[in-house]
Amino acid sequence: MKYAYYPGCSLESTAKEYDLSVRAVCRDLAVELEEIEDWNCCGASSGHCTNYRLSHALAGRNLALAEREGLDIAVACPACFLRLKSTRHEVRADARLKKELAELIDLPYEAKYDAKHLLDIICHEVGIEEIRQKVEKPLTGLKLVSYYGCFLVRPPKVTQFDDPENPQSMDILMDALGAEVVDWSGKVDCCGGSLSLTRRDIVAKLVEEIADAARGVGAEAIVTACPLCQANLESRQGSQALPSFYFSELMGLAFGLKEANTWFRRHLVSPVALLASHGLL
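In short: position in the sequence shown from 1, add 96, done, that's our numbering.
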């Protein structure tokens, strides 16, 4: 099983532990990730808000580079995932945009190959049963809520992944790792995204509402698949902050990967005491 891997900007900087854990887990699952050579920023919400064609050109160039290799793209960041999926979706529906895009990026692009989030690949291509068989250190007693955020499952006609209002993939995955997964109302609430840099007051309010909802159902930690959500959850909570994990970090821990212990040192809210209390470190 082989994919063109698009790490994106966050996984090369503030979310390095996400990148490291994704690569380690995929190696253990025999999922080959071939990093796209000379990839560029997807534009995220900034490009989309600045210029329609710029946004599609940034995402489209990455798609075209992967297409040249004959591979679907594996993406870890939901914002990157949505930008790549949106460009592919619109190019397939608009011949004029397809022509303009090829001229802008100076590369042919036929939108033949898909972009998939790594959570989707792991849950549906690798499969939950294979995940269960890989578990060496079950996350027994660890009480978690799964936080999907805005971009991973919406809009459904573009992302084509899980239920947009009550997604289950991460819940099922965490259950397979042996954790206690608690249902809650905040699965797809917004964390404020990039407003964290310009309107901290708004983000702090949104994050505290999410954290309160998680604490309200007895969760000890939050699991996410988004680098921006994870950063906001850890940097904008008040007192009694809950740790926030990437799903891939907990997979590596449950798989017994030796390097897993090094990822948690990078967190702003240390999960070490929590994991140690459950005998996981």
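The C-beta atom is built at its ideal place from N, Cα and C for all residues, glycine as well.
Residues near residue i by beta carbon distance below 6 angstroms, same chain, minus five either side
i: Asp124; result: Phe351
i: Leu235; result: Leu273, Gly274, Ala275 and Ala350
i: Ser344; result: Ser117, Val118 and Val121
i: Asp210; result: Asp168
i: His374; result: Gly237 and Leu238
i: Gly348; result: Ser117, Ala120, Val121 and Ala356
For residue i, the nearest candidate out of the options (CA to CA)
i: Pro251; options: Gly223, Leu235 and His185; result: His185
i: Leu353; options: Lys253, Met270 and Val231; result: Val231
i: Leu377; options: Lys233, Gly223 and Cys173; result: Lys233
i: Tyr244; options: Leu364, Lys195 and Leu329; result: Leu329
i: Val171; options: Met347, Gly288, Leu193 and His213; result: His213
i: Asp297; options: Asn136, Gln333, Ala307 and Glu130; result: Gln333
i: Val277; options: Asp285, Asn158 and Ala317; result: Ala317
i: Ser106; options: Cys176, Ala160 and His363; result: Cys176
i: Cys219; options: Asn262, Val284, Asp267 and Glu199; result: Asp267
Bounding residues of the beta strand (DSSP E) (the contiguous stretch that carries residue i)
i: Thr320; result: Ala317 to Thr320
i: Glu130; result: Glu128 to Glu131
i: Ser335; result: Note, Ser335: premise wrong, no beta strand (DSSP E); not H, not E.
i: Ala100; result: Lys98 to Tyr102
Beta-carbon proximity list for residue i, same chain, < 8 angstroms, skipping 5 on both sides
i: Leu110; result: It should be noted that the sequence gives Thr, not Leu, for residue 110. Hits under 8 angstroms: Pro323 and Ala327.
i: Ser366; result: Pro339 and Phe360
i: Trp280; result: Val241, Ala309, Ala310, Gly312, Val313 and Ala315
i: Arg228; result: Ala272
i: Cys286; result: Gly245, Cys246 and Leu302
i: Cys137; result: Gly104, Cys105, Gly143 and Leu154
Local Cβ density within 10 Å of residue i, reported as buried at 16 or more and exposed below that
i: Cys145; result: exposed
i: Gly282; result: buried
i: Glu225; result: exposed
i: Val313; result: exposed
i: Tyr99; result: buried
i: Thr358; result: exposed
i: Gln336; result: exposed
i: Arg179; result: buried
i: Asp202; result: exposed
i: Gly166; result: exposed
Own chain, CB closer than 7 angstroms to residue i, minus 5 neighbours either side, in chain order
i: Lys208; result: Glu163
i: Ala126; result: Met97
i: Gln264; result: Asp258
i: Leu197; result: His152, Ala153, Gly156, Val187 and Tyr205
i: Leu370; result: Glu316, Ala317 and Pro339
Delimiting residues of the alpha helix (DSSP H) encompassing residue i
i: Ser182; result: Pro174 to Ala189
i: Ser265; result: Ser265 to Ala272
i: Asp285; result: Careful: Asp285 lies outside any alpha helix (DSSP H) and carries neither H nor E.
i: Val231; result: Segment: none, Val231 is in no alpha helix (DSSP H) and carries neither H nor E.
i: Phe292; result: The sequence as given places Ser at residue 292; Phe does not occur at that position. Where Ser292 is concerned, there is no enclosing alpha helix (DSSP H), given that its DSSP letter is neither H nor E.
i: Ser121; result: Checking the sequence, you will find Val at residue 121 rather than Ser. Residues Lys112 to Asp124.
i: Val254; result: Pro252 to Thr255
i: Val365; result: From DSSP, Val365 is part of no alpha helix (DSSP H); its letter is neither H nor E.
i: Asn357; result: Ala356 to Trp359
Sheet register partners of residue i (DSSP bridge)
i: Ala211; result: Ile169
i: Phe341; result: Val319
i: Ser242; result: Val319
i: Glu276; result: Lys239
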